[in-house]
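So the sequence shown is numbered by our numbering: it starts at 10 and just counts up by one. Glycine included, every Cβ here is placed at the ideal spot set by N, Cα and C. This report refers to the structure that appears directly beneath it.
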Amino acid sequence: MESEVNVSEILEEIRADIAARGYTGDAASFNSIASLDHEDSKFDLYLLETNLADYSALSTINTHRLITSSGGLFGRLIVFVKRIVRKSMNFHVTPIVWDVNQLNHKSLEMFRQLRNAAKVQNEFDERLALIELELRRTNKRIVEENIKLRDLLYKNGVKIT
């Protein structure tokens, strides 16, 4: 059996629900919300290196952490219970931690490759800047030599067309 869907009734229910909750039309527009995209920020190799070192230091997760508690006999009982829980959950937690560590190590390798590509790009940019500078110097010398040649030809009575 097919039941008819009355869209206008649904819209009226939604509008009534919105009015009951007190929502108004003066909510913040989408464009006024600060974005996490920093498209205008420049690439910073030092920042990349720093973040890569931090990521490398934090990339391996250890399943065993020191279990401590203060409080005499009751504290020792808490530590004992925590150790039992850890041992009983070890079969479930260890494979998950291993998978997360593998993902972290692969991500770290990818980030290192991106860092190396960024270094190569910086080297190319520096070489390109030097080549452009040399090209500007050469063009300037060519213009200067053309002016000297034109002056010399003019002095010797040669017409330039």
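{"Item": "His101: first and last residue of the uninterrupted alpha helix (DSSP H) it sits in", "Value": "Gly81 to Lys164"}
{"Item": "Secondary structure of Arg30, DSSP reduced to three states", "Value": "helix"}
{"Item": "Length of the line joining the Cα atoms of Asn113 and Thr69", "Value": "7 Å"}
{"Item": "Of the residues Phe89, Arg146, Leu123 and Lys157, the one placed nearest Asp53, counting alpha carbons only", "Value": "Leu123"}
{"Item": "Distance between Glu22 and Tyr32 (C-alpha atoms, nearest Å)", "Value": "14 Å"}
{"Item": "Selected residue, minimal CA-CA separation from Arg92, among Gly81, Gly80 and Leu75", "Value": "Leu75"}
{"Item": "Same chain, Cβ closer than 6 Å to Met10, five either side skipped, listed in chain order", "Value": "Because the pLDDT of Met10 is 47, which lies under 50, any placement of that residue in the model is unreliable, and the number read from its coordinates should be weighed accordingly. Result list for Met10: empty, nothing under 6 Å."}
{"Item": "Supposed close pair Leu57, Ala127 - CB separation, criterion 8 Å", "Value": "6 Å"}
{"Item": "Inter-stretch contact (C-beta, 8 Å, three-pair minimum) for the segment 78-91 and the segment 156-170", "Value": "no"}
{"Item": "Among Asn60, Thr72, Glu13 and Leu61, the one whose alpha carbon lies nearest that of Phe100", "Value": "Thr72"}
{"Item": "Where the alpha helix (DSSP H) containing Asp63 begins and where it ends", "Value": "Leu54 to Leu67"}
{"Item": "Coarse secondary structure for Ile24, derived from DSSP in three states", "Value": "Here the sequence assigns Arg to residue 24, which means Ile is not the residue at that position. Reduced to three states, the DSSP call for Arg24 is helix."}
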